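Encoded as structure tokens, the structure appears first; notes follow it.
Protein chains: 2
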Amino acid sequence: MSDRSRRSGMREVARAAGVSVSTVANVLSRPSIVAPETRRRVEEAINRVGYVPHGPARQLRGVPSPIVGSVTLDLANPFYAEVNRGIEDRLAAEGCLLLACSTDLREDKETRLLKLLQAQAVRGVIISPIEVDPTRLLTLSRQGTPVVLIDHPRGDLDLCAVTVDDVLGGQLAGEHLLALGHRRIAYLGDTVDPAPVAGRREGLRQAIIAAGLDPADALLDLRLRMRPPSLVDAAAAAAREILSASPEVTAVVCLNDTAALGLLDGLETEGVRVPQDLSIVGYDDLSFARRLTPPLTTVRQPPYSVGKAAAELLLAESAPDHDHREIRFQPELVVRASTAPPR
Amino acid sequence: MSDRSRRSGMREVARAAGVSVSTVANVLSRPSIVAPETRRRVEEAINRVGYVPHGPARQLRGVPSPIVGSVTLDLANPFYAEVNRGIEDRLAAEGCLLLACSTDLREDKETRLLKLLQAQAVRGVIISPIEVDPTRLLTLSRQGTPVVLIDHPRGDLDLCAVTVDDVLGGQLAGEHLLALGHRRIAYLGDTVDPAPVAGRREGLRQAIIAAGLDPADALLDLRLRMRPPSLVDAAAAAAREILSASPEVTAVVCLNDTAALGLLDGLETEGVRVPQDLSIVGYDDLSFARRLTPPLTTVRQPPYSVGKAAAELLLAESAPDHDHREIRFQPELVVRASTAPPR
DNA sequence: GTGAAAGCGCTAACAA
DNA sequence: TTGTTAGCGCTTTCAC
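Residue numbers (this note's numbering), protein chains in the order written: chain U, 1065 to 1407; chain B, 1065 to 1407.
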């Protein structure tokens, strides 16, 4: 490969090898039909001028883009980072690449990102959508950009989806706390509810009802601004909020482990002991959950597998006989030391 | 926007509006020169057929790609996830997108990724490189794909770079331990040393020398396989290794906080108390470090700022009068409860 | 076995 | 003010 500056195309290769561009093209896509000697010369020329095929030009001729977009709440959120890693690994096996985007729970960003991705004519989009109205996603799919949902119920949409049973997750957390004897439980979530978080709250509510309690009394719904740039700090600040809002609360279920981490900090500052004074449940079971002070009771999800499955479904969309499917994972309760019977 | 299936191009818009393609193009890029009534008709047609410009075709005509590649060790590593978030946010302000890739510390993957990115004719590449030989990166840059290094000394390369002073980071960790009275310190790293990790080890060595000690006695260099899929577990397993290799070791500096997390687990299993029996220092100061059991002494780096600065430098490469620069951040020691004087 | 030519969707220079 | 035209780098017929 030479250091010749700027990029060179097939034309330069053809000139260097003394053949036509179509012969170069043949060497690249159907080497067997080219005379061995010619082929050798062309290959040598390719190395000499440092030729690399030009993706966009190939796309224009109908070769599909190797790029797949991933649209999540926040690519730095460890849960979605693992999802993306699962997507990336599955794509890599196909020579495809991951374009990762964050919405920060903002509809305008989501809209903008989808437009940008469509304009790039990506191979497809894997999205954990914010909004309830899925029209845009259906349109996108119908206009030729396959869409796979993650963390969002497929409903009656004509799309593939990979989900984790969030209602079950909420139930597991709720049942655990109820069994310990808690009768007033708070759910700490954001002001905007993406589908998975809403599902968990619903599961918690169902567990409370199933235990013969009235959610109006037993469930305190906390909706505070908990999002990307400062989730940990926001959760720490929520400690005071929770204590003043309702002193009778004896347990808090958090939207995720990161929020639980912040909340633990905030509670320490307020002099509240966990789990003696207050039980805390997280969500995700991130790698650090088991080594927090105290070790965090949480609900485990398999983010890497979710990502991998989503990529799998997306890649399958190109098949001619493709049927849209939903893959569902089950969450799992992990009991540690942040929960205990109420005082 | 209609639900008309498949994607439509300018031609369909032109037909729908009863004008030529170039008038459509004018409405899009120089609306002012088009007659108001014509413009209205064209805009209406654009919405009606759901037109979205075709990026690859525009690229072929010389419009630069909005896509920037990021090549790091592992996009799910919280440190690089934050770096990527910094990149993404800066790019978003310019309407650009982040293509995130992981090398898993493997040269062959790095090579393959760079080739793929170049083939996509991306706007540029931000890379935390594995290998010492930077020829490929220079070639890439000369062939028209700007390259910005992160976490790698710029040296005499004609490239932009964003770095954190890793030698200083290692020194800070070393000085802290030496001041506590430790005289035999282990450094836990991978078998392959990417530049930043090598720098930290070097800093530690320098601190030891500056204290008048002989690194041959005072520094135990542990090189174990510590990488992506199971870093935490590998570090946990390293506990036994450390204890058997050298019982006189009283402190361990880990390549990052995630490894420290795993090591803490492993040590607990082995019945070793931290910091009473062994002091542990991490690196990065991830959000969970301060709430681990015990709270982790570590060296803080500003990943989000590193990413943001790298994106800034990359975007600046398009300017005609561009000069390659290096931006350097300083790490900071954060003392917590995982370090104490040796017994 | 090799080359000439058309055209993918778009931009920009120029003509009308 | 609008339309015609020539390519960007590539793949793919179809002649030679």
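Glycine included, each C-beta is placed from N, C-alpha and C at the ideal position. Just so it is clear, the structure is predicted and the values come from calculations on it, not from any experiment.
{"Asked": "Contact with chain B by VAL1338 of chain U, beta-carbon distance below 8 angstroms", "Found": "no"}
{"Asked": "Contact check, THR1199 of chain U vs HIS1216 of chain U, beta carbons under 8 angstroms", "Found": "no"}
{"Asked": "Cβ-Cβ distance between LEU1236 of chain B and TYR1251 of chain B below 8 angstroms", "Found": "no"}
{"Asked": "Coarse secondary structure for ILE1194 of chain B, derived from DSSP in three states", "Found": "coil"}
{"Asked": "Rounded C-alpha distance that separates HIS1386 of chain U from SER1129 of chain U", "Found": "19 angstroms"}
{"Asked": "When B:THR1362, B:PRO1358, B:PRO1339, B:ARG1354 are compared against ASP1348 of chain B, the one with the closest alpha-carbon", "Found": "B:THR1362"}
{"Asked": "Residue burial classification, SER1294 of chain B (beta-carbon count within 10 angstroms, cutoff 16)", "Found": "exposed"}
{"Asked": "Contacting positions in the stretch 1315-1342 of chain U - beta carbon closer than 8 angstroms to chain B", "Found": "THR1322, LEU1325, LEU1328, ASP1329"}
{"Asked": "Test: SER1166 of chain B CB closer than 8 angstroms to a CB of chain U", "Found": "yes"}
{"Asked": "Coarse secondary structure for VAL1370 of chain U, derived from DSSP in three states", "Found": "helix"}
{"Asked": "Nearest-angstrom Cα separation, counted from PRO1395 of chain B out to ARG1122 of chain B", "Found": "43 angstroms"}
{"Asked": "Whole-angstrom C-beta distance between ALA1164 of chain U and LEU1162 of chain B, which should lie under 8 angstroms", "Found": "6 angstroms"}
{"Asked": "Option nearest THR1167 of chain B by Cα separation, candidates B:GLU1146, B:LEU1377, B:ARG1291", "Found": "B:ARG1291"}
{"Asked": "Three-state class that DSSP yields for TYR1144 of chain U in the structure shown", "Found": "helix"}
{"Asked": "Short-range partners of chain U found in the stretch 1281-1299 of chain B, where Cβ spacing is below 7 angstroms", "Found": "VAL1296"}
{"Asked": "Buried versus exposed, by CB contacts within 10 Å (16 or more), ARG1265 of chain B", "Found": "buried"}
{"Asked": "Bridge partner(s) assigned by DSSP for ALA1315 of chain B", "Found": "B:ILE1249, B:SER1343"}
{"Asked": "Enclosing alpha helix (DSSP H) for VAL1296 of chain B [first to last residue]", "Found": "1295-1309"}
{"Asked": "Proximity below 8 angstroms, CB of SER1205 of chain B to CB of LEU1223 of chain B", "Found": "yes"}
{"Asked": "Range covered by the alpha helix (DSSP H) that runs through GLY1267 of chain B", "Found": "1259-1274"}
{"Asked": "At least three beta-carbon pairs within less than 8 angstroms, the stretch 1306-1317 of chain B to the stretch 1236-1245 of chain B", "Found": "yes"}
{"Asked": "Start and end residues, alpha helix (DSSP H) containing ARG1206 of chain U", "Found": "1199-1206"}
{"Asked": "Any chain B beta carbon closer than 8 angstroms to ARG1400 of chain U", "Found": "no"}
{"Asked": "Residues bridged to THR1227 of chain U (per DSSP)", "Found": "U:ARG1392"}
{"Asked": "Residue-level contact to chain B via CB, ALA1374 of chain U, 8 angstroms cutoff", "Found": "no"}
{"Asked": "Residues near ILE1110 of chain B by beta carbon distance below 6 angstroms, same chain, minus five either side", "Found": "VAL1077"}
{"Asked": "VAL1127 of chain B, buried or exposed, once every other Cβ within 10 Å from all chains shown has been counted against 16", "Found": "exposed"}
{"Asked": "Beta carbon of GLY1056 of chain U nearer than 8 angstroms to that of ALA1299 of chain U", "Found": "Any answer about residue 1056 of chain U is impossible in this case: the structure gives chain U only from 1065 up to 1407."}
{"Asked": "Proximity to SER1072 of chain B [Cα-Cα], best of U:LEU1283, U:GLY1119, U:GLN1182, U:THR1087", "Found": "U:GLN1182"}
{"Asked": "Interface flag, ARG1145 of chain U vs chain B, CB-CB below 8 angstroms", "Found": "Looking at the sequence provided, one finds Ala at residue 1145 of chain U rather than Arg. With 8 angstroms as the cut-off, ALA1145 of chain U counts as an interface residue toward chain B."}
{"Asked": "Touch test, the stretch 1376-1390 of chain B against the stretch 1337-1357 of chain B, Cβ-Cβ under 8 angstroms, three pairs minimum", "Found": "no"}
{"Asked": "Coil, strand or helix - ALA1109 of chain U by DSSP", "Found": "helix"}
{"Asked": "ALA1404 of chain B (DSSP reduced to helix, strand or coil)", "Found": "coil"}
{"Asked": "Beta-carbon spacing of ALA1303 of chain B, THR1333 of chain B below 8 angstroms", "Found": "yes"}
{"Asked": "Simplified DSSP state of VAL1127 of chain B, which is helix, strand or coil", "Found": "coil"}
{"Asked": "Contact under 8 angstroms by Cβ, ASP1341 of chain B with ARG1289 of chain B", "Found": "no"}
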